[in-house]
Structure formats: C-alpha cells, structure tokens
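Down below is the structure, laid out as structure tokens.
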C-alpha cells in the first residue's frame with residue numbers, strides 16, 4: 410500500500426484526513442511565548458479567536474525533520490511505501506525538513522512532492538492522490554502524476570480585511586488604510602511557488618465574482634473536483650459556492666478550513682478555491 414503524508418497547510422479538516430487515510434505532519438504557530446501545534450492543541454476556530462483578541466503578531470514554523478522521520482518510519486514499519494505531498498519550498502522549509510528525514514532514514518520507498526502549492530490547491534492534490542492510492546496506484550506512479558498535476562493546480566484566495574496583511578508586514582499601514590477606505594479586497598494566487606496579488610476587487614460582491622472570472626480565464630478541468638476553503642467565513646463561502654454553481658457542477662466539490670498557518674497571513678473572512686487547469 411501507499412501511505413499519503415502531507416502537512417497542515419493543506420487545510421483539510423482532521424476528520425477528513427482520517428476518512429481518506431492521510432497522515433498530517435503539523436506546522437507550529439507562536440503567539441508570543443505560547444507555542445501551538447496546528448490542529449493538535451489549537452483548532453482553526455480557536456486560532457481565529459486568538460487572532461482577533463491577541464495583540465501579538467503570530468509567527469509560524471515548519472515541522473522538524475524528527476516529526477517527518479517519526480511519520481515516515483511508522484509507515485515504513487507497516488510495510489507501506491510513502492508519497493509525501495507538501496507546501497511549496499519557496500513558501501516554507503517544510504520540504505527541506507522532509508528531505509532531511511528521508512536522508513536520515515535512507516529509504517528509497519519515500520517519494521516527496523514539492524507542489525509549489527498551499528491551502529486549497531495543496532488540499533486538492535492530497536485528495537486526488539488519496540483516491541488514486543486506494544485505486545491501486547504505486548508510489549512512483551503517484552509521484553509522477555501528482556508532480557505533473559501540481560503544475561496545473563491553481564489557487565485564488567480573496568482577503569476580506571487588510572488588517573492582518575498589514576500587521577504581518579506585507580502591506581504598509583498607509584496602503585492598508587487606503588485599501589480599507591476604498592473597500593478593496595486583494596485576490597491572491599501562487600505563481601512559480603510564490604504568493605502574488607493577481608487582482609483587487611472593490612466590494613465583497615465583486616470579490617466573489619472576480620474569483621470565478623479568474624478561474625474561467627484558465628479553464629477549470631471538471632474531471633477533478635473544485636476545493637473551497639474559508640477562514641471563519643461561512644457566509645462568504647456560501648456566496649462563493651453559489652456563484653461557481655452558476656457555471657460549474659460543484660456537486661462533488663471538496664471543503665476545507667483555512668487553518669492557523671495560512672490564516673496567520675490572510676486573517677478571518679478569507680475564502681479560497683483550488684482547481685486543476687485544463688490542458
């Protein structure tokens with residue numbers, strides 16, 4: 410069998426990870442002197458409560474090589490091969506930690522995919538890999554297929570409030586004030602492994618419709634599901650799904666919750682989509 414391993418930036422709920430048989434190696438979040446393990450002693454809901462009330466700017470950290478070594482060895486001891494699907498290496502040192510663990514163990518039964526993705530696009534790849542693994546694909550086959558699919562995966566995330574991007578130093582205070590006054594919402598994507606601002610929408614209604622317009626410019630491959638994620642933004646998520654349902658069959662869509670690591674930078678109110686681009 411093939412054991413799929415990922416990290417907590419895939420933003421798939423723990424219950425869902427258990428259902429599809431995926432092991433998650435968590436990142437950590439720091440509020441001042443307090444350290445939390447993503448999804449273990451800090452749920453996404455608890456995180457957003459902390460974020461709204463704690464004056465400290467949270468920081469995040471990659472898993473240690475030991476964390477991956479423990480996960481890898483447990484799967485190998487069961488006789489499984491391993492496909493490890495991780496956040497892009499330009500966004501986090503998580504891939505580096507996994508490669509160190511692989512080298513320490515010295516096994517050729519561990520395959521590591523640097524997806525250049527995060528959040529909904531990463532979660533979508535994990536879901537696809539888990540399905541194919543259950544259908545009998547080998548680790549090598551999965552590595553090749555998911556590596557290719559990673560190049561066609563796309564994420565768009567709409568930011569409701571500029572407050573947390575400003576607090577994290579990714580936007581000047583003046584720009585945040587102006588953006589808030591103008592009711593502007595940046596729509597972010599990942600290109601060449603880096604998060605970039607692809608558009609700005611004025612007002613929440615336009616924010617939602619623009620996400621669909623951006624997806625449609627690429628062409629959504631409906632052979633794969635669309636993954637929808639939100640960060641404490643159920644109302645925005647409902648509107649987003651309704652908008653996509655006008656043009657796409659979303660009956661097989663997947664759901665995720667933007668967790669503490671991604672939420673540190675995006676803040677509450679964020680909605681995201683992940684999809685595969687047509688060839």
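Numbering (the numbering used here), first residue to last: 410 to 688. Beta carbons are placed, not taken as given, at the ideal position from N, Cα and C, and that holds for glycine.
- Remark: three or more beta-carbon pairs, one from each stretch, lie closer than 8 Å, so the stretch 488–503 and the stretch 513–522 are flagged as touching.
- By the criterion of a C-beta distance shorter than 8 Å, residue 666 is surrounded in its chain by 420, 422, 453, 638, 639 and 640, once the five residues flanking it on both sides are discounted.
- Counted as a single uninterrupted DSSP element, the beta strand (DSSP E) harbouring residue 593 occupies residues 593–600.
- For residue 448 against residue 464, the beta-carbon gap comes to about 24 Å, at or over 8 Å, which does not count as contact.
- Per the coordinates, the alpha-carbon of residue 621 lies some 10 Å from the alpha-carbon of residue 657.
- Exposed is the label assigned to residue 660, since fewer than 16 other Cβ atoms lie within 10 Å of its Cβ.
- Per DSSP, residue 437 is one residue of the beta strand (DSSP E) stretching across 437–440.
- The three-state reading of DSSP puts residue 560 in coil, since its state is none of H, G, I, E or B.
- Secondary structure at residue 636: strand, using DSSP grouped into helix, strand and coil.
- DSSP, read as helix, strand or coil, puts residue 469 in strand.
- For residue 528, the number of other beta carbons within 10 angstroms of its own is at least 16, and it is reported as buried.
- Using a Cβ-Cβ distance cut-off of 8 Å, the stretch 533–549 and the stretch 499–508 are not in contact, since fewer than three pairs of beta carbons, one from each stretch, lie closer than that value.
- Straight-line measurement puts the Cα of residue 481 at about 33 Å from the Cα of residue 679.
- In the structure shown, residue 673 adopts helical secondary structure according to DSSP, grouped into three states.
- In the same chain as residue 548, and ignoring 5 residues on each side of it, the C-beta atoms closer than 6 Å to its own belong to 411, 490, 492 and 520, in chain order.
- According to the DSSP assignment, residue 483 belongs to no beta strand (DSSP E) but to the alpha helix (DSSP H) extending over 474–486.
- If only uninterrupted alpha helix (DSSP H) runs of at least 4 residues are considered, those enclosed by the stretch 491–562 are 503–514, 529–543 and 548–559.
- When the Cα atoms are used, residue 593 and residue 626 turn out to be separated by approximately 22 Å.
- Short of 8 Å from the beta carbon of residue 474, and not among the five residues preceding or following it, lie these beta carbons of its own chain, in chain order: 506, 507, 509, 510 and 513.
- For residue 617, there is no enclosing beta strand (DSSP E); the enclosing alpha helix (DSSP H) has its first and last residue at 613–627.
- Residue 684 holds the alpha-carbon nearest to the alpha-carbon of residue 628 among 671, 604, 684 and 611.
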